[in-house]
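Protein chains in written order, with the working numbering: chain A, 1 to 177; chain B, 1001 to 1424.
Glycine included, every Cβ here is placed at the ideal spot set by N, Cα and C.
Okay, so here's the structure we're looking at.
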Amino acid sequence: MLRLAAGVLLAVLVAIPLAVLPAAPVTWLAMPALGVGGAGVLVLSVPMVTTGASLALIAYASALVIAGPAVDPVAAIAVGATLVLLLALVHFAGRVQGAALGPAVIAAQVRHWLMIVALGVATAAGLTAGGVVLGPTLRDATLPVVVVAAALGALMTTAGVIALVTARKDPSAPNGR
Amino acid sequence: MSWRPTALNVSFLTLAGWALFLGVLTGRADLVVVAVPLIFALVAARRTGAPAAVQLHHDVSAERLIEDDRVTVTVTLRADRPVPLVELLEPLPPRVRLEQGRNHAFFTLRAGEEVRWAFVLRCASRQRLHLGGPHVRSWGPLGLAAAEARSRAPQTVAVYPPLAPLRYPPRPLRTQTFVGNYVSPAQGEGIEPGDIRPFAPGDQVRHVNWRATLRLGPLHVTQHHRERNADVVLMLDTLSEVGAPGATVVDVAVRGAATLAAAYLARKDRVGLIEYGGQLRWVRPGSGRAQLQRVLDTLLDASVVFTYVTRDVDLIPPRILPTQALVLALSPLLDGRFVRAATDLAARGFDLVVIAVSPVASARAAVRGGRVTDLAARLWSLERRVQLDELRRRGLTIVDWDGVQPLDVALATLRQPRRRRVLA
Chain A
1 MLRLAAGVLL AVLVAIPLAV LPAAPVTWLA MPALGVGGAG VLVLSVPMVT
51 TGASLALIAY ASALVIAGPA VDPVAAIAVG ATLVLLLALV HFAGRVQGAA
101 LGPAVIAAQV RHWLMIVALG VATAAGLTAG GVVLGPTLRD ATLPVVVVAA
151 ALGALMTTAG VIALVTARKD PSAPNGR
Chain B
1001 MSWRPTALNV SFLTLAGWAL FLGVLTGRAD LVVVAVPLIF ALVAARRTGA
1051 PAAVQLHHDV SAERLIEDDR VTVTVTLRAD RPVPLVELLE PLPPRVRLEQ
1101 GRNHAFFTLR AGEEVRWAFV LRCASRQRLH LGGPHVRSWG PLGLAAAEAR
1151 SRAPQTVAVY PPLAPLRYPP RPLRTQTFVG NYVSPAQGEG IEPGDIRPFA
1201 PGDQVRHVNW RATLRLGPLH VTQHHRERNA DVVLMLDTLS EVGAPGATVV
1251 DVAVRGAATL AAAYLARKDR VGLIEYGGQL RWVRPGSGRA QLQRVLDTLL
1301 DASVVFTYVT RDVDLIPPRI LPTQALVLAL SPLLDGRFVR AATDLAARGF
1351 DLVVIAVSPV ASARAAVRGG RVTDLAARLW SLERRVQLDE LRRRGLTIVD
1401 WDGVQPLDVA LATLRQPRRR RVLA
């Protein structure tokens, strides 16, 4: 059942670039993506599914470059959400293989996944909407503005890393981790 | 317990990195949007709060089992806070099979909810089974973070060898002073009639033999044989073993020793045990159910410990190995040190019976069958027969036991009264 669901998600992932451009170069990339990803779903291997999904992403990028359609945020968000669900599902299926499942475990997991994916989709939609609004404003941005924005991003990243490294360790954790 | 990122983060980062890289490379905003749900999932999985503590109660249905018995392990979980996903894994000790249920489970707990998880284990061979409690792993949403802990709830289950019925254990040549089931040659109180002799002052009237008195004239009394017990010392060879784990020649010998101990203790004899191997361990001769438990507990831990040191039987104190005792040595006779020790005991006048446990069947069961294996097994059997005949010629009483047929059948050859032999 979990394998079937993962297979459907993989098929959706591979179908999206083919829907953009059902032509030879994309097909050549989509087929190995389906093969490797399908094998990963069969043996419930997250690295293999990641490889297949990476190939599907490359196929999607190729299709966008070759066909050159207008930006489609809905399809892009669908690809991102499918990737999240596919990885989570294959990882979960690999963990629970051969184990006893308590009542409502799968239902609770699906609820959690859908909640996070919905929040992710909402964030992506919000960012997209923000980009649409800010795009015309920033189109004429000069080099100093870009440099300042990049410096601000680098500063925040450094601060985040320092906060992560100096965070207080949990004394109850094994090996002090 | 604290959250730690799992390997799944690498997959999410890889795909997010690919999407951003391809987006920058191609200049397509779609690919940047693809990365957003992946990055959001990574951020959402970064948890700061401590994982919810799960209270575990670990219980087993029995603490003492016989080989091939089943034990039910029950784990009760309870959490005060909601737990999205908790994974439990009870590692299976060696030579234990899962009979029913799973030793690996996943649960979702609501606040205050109690969940019971049970599985049945089958213990294939004698051992002291240590069930240390399950490993507990709490999973964050999407499996991107996990917190691990080990529940320390040690439970020990003793798996004893089976006690087969034994109708005719070897009779000891010498008896002891306590009351038992053996008819002693010595005259005294008892129910087995012996000689008839003239009446003497002090004799009880109930012992007067009236038939003999009428025939012979003067009063005659019937003497009786005493009924005495015996000291039996089981000597277990743990110097060497062959066979698959759980079915080695030492395991077969342990089953035989347990059967013999139970049979002799049921006859009110005193039974002791000597484990003659890399480590020399013993149980002082005693009687009763407590002694059977002591012997079985010692047999449970009997194992081969490799050593170059040869320990002589002189090290064994006389109170452990009484000179009047019947010594039953269970050995595959693979190690020359044990053969020397047995010969030494017999030469000192001990009433010794060697139960030679055949290693051929155990070895054959451990390897794949075939023509070469069959031929090797036949040659080994012939060599072993020659070895046993040689030891018999030297005066040892040897019973050949293949470990497959009941011990009672193998010991049938000793039903005839034995005589003391002088070693050649």
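| message | For chain A, check one thing: does any of its Cβ atoms lie closer than 7 Å to the Cβ of Arg1028(B)? | response | The residue labelled residue 1028(B) in the question sits at position 28 within the second sequence. By this cut-off, Arg1028(B) is an interface position.
| If you drop the 5 nearest sequence neighbours on each side, which residues of the same chain put their C-beta closer than 6 Å to that of Leu1391(B)? | Taking the second sequence and counting its residues from 1, one reaches residue 1391(B) at position 391. Only Ile1398 meet the Cβ criterion.
| task | Alpha carbon to alpha carbon, how far is Gly1133(B) from Pro1154(B)? Give it in angstroms, no decimals. | result | As a first step, residue 1154(B) is located in the second sequence; it is residue number 154 there, counting from the start. As a first step, residue 1133(B) is located in the second sequence; it is residue number 133 there, counting from the start. Approximately 6 Å, taken between the alpha carbons.
| query | Leaving out five residues before and five after Thr1413(B) in sequence, what residues of the same chain have Cβ atoms less than 7 Å from its Cβ? | reply | For the purposes of this step, residue 1413(B) is taken as residue 413 along the second sequence, with counting starting at 1. Contacts found: Val1399.
| In terms of alpha-carbon separation, which member of Ala104(A), Val105(A), Gly98(A) and Pro73(A) lies closest to Arg1102(B)? | Here residue 1102(B) corresponds to residue number 102 of the second sequence, with the count starting at 1. Comparing Cα-Cα distances from Arg1102(B) to each of Ala104(A), Val105(A), Gly98(A) and Pro73(A), the minimum goes to Gly98(A).
| Chain-ordered neighbours of Val1115(B) on chain A, where CB pairs are closer than 8 Å | As a first step, residue 1115(B) must be located in the second sequence, where it is residue number 115. Within 8 Å Cβ-Cβ: Gly102.
| message | Contact defined as beta carbons within less than 8 Å: I believe Arg3(A) pairs with Ala100(A). What is the distance between those atoms, to the nearest angstrom? | response | By one-based count along the first sequence, residue 3(A) stands at place 3. By one-based count along the first sequence, residue 100(A) stands at place 100. About 18 Å; that fails the 8 Å criterion.
| message | Just to check my reading of the structure: Pro1352(B) and Leu1396(B) have Cβ atoms closer than 8 Å, yes? What is that Cβ distance to the nearest angstrom? | response | Counting from 1 along the second sequence, the entry for residue 1352(B) is found at position 352. Counting from 1 along the second sequence, the entry for residue 1396(B) is found at position 396. For the record, residue 1352(B) in the displayed sequence is Leu; it is not Pro. Yes, Leu1352(B) and Leu1396(B) are in contact; Cβ-Cβ is about 7 Å, under 8 Å.
| query | Can you tell which of Gly160(A), Pro25(A) and Val79(A) has the C-alpha that lies nearest to the C-alpha of Val121(A)? | reply | Here residue 121(A) corresponds to residue number 121 of the first sequence, with the count starting at 1. The residue with the shortest Cα to Cα distance from Val121(A) is Val79(A).
| query | Does the separation of the CB atoms of Ala1253(B) and Leu1280(B) fall below 7 Å? | reply | Taking the first residue of the second sequence as 1, we reach residue 1253(B) at position 253. Taking the first residue of the second sequence as 1, we reach residue 1280(B) at position 280. No, these two residues do not count as a Cβ contact at 7 Å.
| When Thr128(A), Leu87(A), Ile106(A) and Trp113(A) are compared against Val41(A), the one with the closest alpha-carbon | Taking the first residue of the first sequence as 1, we reach residue 41(A) at position 41. Taking the Cα of Val41(A) as reference, the smallest distance to any Cα among Thr128(A), Leu87(A), Ile106(A) and Trp113(A) is reached at Leu87(A).
| Closer than 7 Å, Cβ to any Cβ of chain D: which residues of the stretch 1065 to 1082 of chain B, in chain order? | Looking for chain D here will not work: the only protein chains present are A and B.
| task | Anything in chain A within Cβ reach of Ala1035(B), meaning under 8 Å, just list it in chain order. | result | Here residue 1035(B) refers to the residue found at position 35 of the second sequence. Near Ala1035(B) (Cβ distances below 8 Å), the residues of chain A are Gly80.
| Would you call Val1409(B) buried or exposed, if buried means 16 or more other Cβ atoms sit within 10 Å of its Cβ? | Residue mapping note: residue 1409(B) aligns to position 409 of the second sequence, counting from 1. That one is exposed.
| query | Should Ala182(A) and Val90(A) be called a contact, given that it needs their Cβ atoms to be closer than 7 Å? | reply | No answer is possible for residue 182(A): it lies beyond the span of chain A, which begins at 1 and ends at 177.
| Given that a residue counts as buried once 16 or more other Cβ atoms are within 10 Å of its Cβ, and exposed if not, what is Ala1424(B)? | Residue numbering aside, residue 1424(B) sits at position 424 when the second sequence is read from its first letter. At Ala1424(B), the pLDDT of 46 sits below 50, so the modelled position is not reliable; the number obtained from the coordinates is stated separately. Classification for Ala1424(B): exposed.
| request: Given a cut-off of 7 Å, decide if Val1283(B) and Thr1307(B) are closer than it, judged by their beta-carbon atoms. | output: Position 307 of the second sequence holds residue 1307(B). Position 283 of the second sequence holds residue 1283(B). No.
| query | Any residues in the stretch 1007 to 1018 of chain B with a beta carbon nearer than 7 Å to a beta carbon of chain A? Which ones, in chain order? | reply | Leu1008, Ser1011, Phe1012, Thr1014, Leu1015 and Trp1018
| query | Nearest to Pro73(A) by alpha carbon, out of Val1034(B), His1104(B) and Pro1359(B)? | reply | Residue numbering aside, residue 73(A) sits at position 73 when the first sequence is read from its first letter. Cα-wise, what sits closest to Pro73(A) is Val1034(B).
| field | Residue of Gly1217(B), Asn1209(B), Ala1230(B) and Asp1231(B) minimising C-alpha distance to Gln1223(B) | value | As a first step, residue 1223(B) is located in the second sequence; it is residue number 223 there, counting from the start. Among Gly1217(B), Asn1209(B), Ala1230(B) and Asp1231(B), the Cα nearest to that of Gln1223(B) is on Asn1209(B).
| Residue range of the unbroken beta strand (DSSP E) whose run includes Ser1331(B) | Here the question's residue 1331(B) lines up with position 331 in the second sequence. Leu1326 to Ser1331 is the span of the beta strand (DSSP E), which, as asked, contains Ser1331(B).
| request: Measure from the alpha carbon of Pro1359(B) to the alpha carbon of each residue in Ala1145(B), Arg1385(B) and Leu1273(B), then state which is nearest. | output: Here residue 1359(B) corresponds to residue number 359 of the second sequence, with the count starting at 1. That would be Arg1385(B), whose Cα lies nearest to the Cα of Pro1359(B).
| query | Any idea what DSSP makes of Gln1100(B), helix, strand or coil? | reply | Here residue 1100(B) is taken as the residue at index 100 of the second sequence, counted from 1. Looking at Gln1100(B) - three-state DSSP - the assignment turns out to be strand.
| task | Count the other C-beta atoms from every protein chain shown that fall within 10 angstroms of the C-beta of Pro1169(B), then say buried if there are 16 or more, exposed otherwise. | result | If you number the second sequence from 1, residue 1169(B) lands on position 169. Buried, because 16 or more other Cβ atoms sit within 10 Å of the Cβ of Pro1169(B).
| field | Cα-Cα separation, Ile1355(B) to Trp1401(B) | value | Reading the second sequence from its first residue, position 355 is the one you call residue 1355(B). Reading the second sequence from its first residue, position 401 is the one you call residue 1401(B). Each residue's Cα considered, the two are about 7 Å apart.
| said: Please list, in chain order, the residues of the stretch 63 to 79 of chain A that have any C-beta partner in chain B closer than 8 Å. | reply: Leu64, Val65, Val71, Asp72, Pro73, Ala75, Ala76, Ile77 and Val79
| request: Please check if any C-beta of chain B sits within less than 7 Å of the C-beta of Ala124(A). | output: If you number the first sequence from 1, residue 124(A) lands on position 124. Judged by the 7 Å Cβ criterion, Ala124(A) is in contact with chain B.
| message | With H, G and I counted as helix, E and B as strand and the rest as coil, what does DSSP make of Gln1055(B)? | response | Reading the second sequence from its first residue, position 55 is the one you call residue 1055(B). Residue state, collapsed to three classes: strand.
| message | Quick check: the stretch 1286 to 1306 of chain B against the stretch 1229 to 1243 of chain B, are at least 3 beta-carbon pairs closer than 8 Å? | response | yes
| task | Give the straight-line distance between the Cα atoms of Leu1300(B) and Val1157(B), rounded to the nearest whole angstrom. | result | The residue you call residue 1300(B) lines up with position 300 of the second sequence. The residue you call residue 1157(B) lines up with position 157 of the second sequence. Spanning the two alpha carbons is a distance of roughly 11 Å.
| request: Assign Val1115(B) to one of three DSSP states: helix, strand, or coil. | output: Within the second sequence, the letter at position 115 stands for residue 1115(B). Residue state, collapsed to three classes: strand.
| task | Measuring only between beta-carbons, confirm whether Ala173(A) sits less than 7 Å from chain B. | result | For the purposes of this step, residue 173(A) is taken as the residue at position 173 of the first sequence. Residue placement at Ala173(A) is flagged as unreliable, the pLDDT there being 42, under the threshold of 50; a coordinate-derived value is accordingly withheld.
| message | Helix, strand or coil for Phe1430(B)? Go by DSSP, reduced to three states. | response | There is simply no residue 1430(B) to check, as chain B begins at 1001 and stops at 1424 in what is shown.
| field | Beta bridge counterpart(s) of Gln1187(B) as assigned by DSSP | value | If you number the second sequence from 1, residue 1187(B) lands on position 187. Partner(s): His1225(B).
| message | So, with DSSP's three-state summary, where would you put Val161(A)? | response | As a first step, residue 161(A) must be located in the first sequence, where it is residue number 161. Looking at Val161(A) - three-state DSSP - the assignment turns out to be helix.
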